[in-house]
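Every position in the sequence shown, counted from 1, becomes a number in my numbering once 2 is added.
Below: one structure, written as structure tokens.
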Amino acid sequence: MSLVPTQLLKSPQRMLDLISKRQEALSDNIANMHTPGYRRRDVNFSQFLNDASVSRLESKVTEKYGASPITVSQTENISTEEELGRMQENYMLYSAAVRELSSTITQIKTALNVSANS
3 MSLVPTQLLK
13 SPQRMLDLIS
23 KRQEALSDNI
33 ANMHTPGYRR
43 RDVNFSQFLN
53 DASVSRLESK
63 VTEKYGASPI
73 TVSQTENIST
83 EEELGRMQEN
93 YMLYSAAVRE
103 LSSTITQIKT
113 ALNVSANS
């Protein structure tokens, strides 16, 4: 049995994975905006962030998008300004996910210190 409950780290890790996939998709959009036939890609999971449970976020995204959360737009029009705005939004999601992960790690450390001092 592990001293560190790794299950607590899986939800923030999954959220960071989704954010990373979105950053990749947005970067591809900017890089390929002048490629004929290229369709805009995105990971649209912001509608699920109002949920209190990040683990439910993972299941809802998987239900809606399947194994890969990247969606392809019907339009070929890509605006650099809009993509950069989405990247900024993605950065804010990243910051929130890192704070959540940091908080979880702090809670684990506190529990281990309390346990060691008992």
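All C-beta atoms, glycine included, are put in the ideal place defined by N, C-alpha and C.
- Per DSSP, the beta bridge partners of Asp44 are Thr73.
- Leu18 is positioned such that its CB atom lies closer than 8 Å to that of Ala99.
- With respect to Met89, Leu28 sits close: the two C-beta atoms are nearer than 8 Å.
- DSSP, reduced to helix, strand and coil, places Asn79 outside both helices and strands of the structure shown, so it counts as coil.
- Judged by their CB atoms, Arg24 and Thr73 are not nearer to each other than the 8 Å cut-off.
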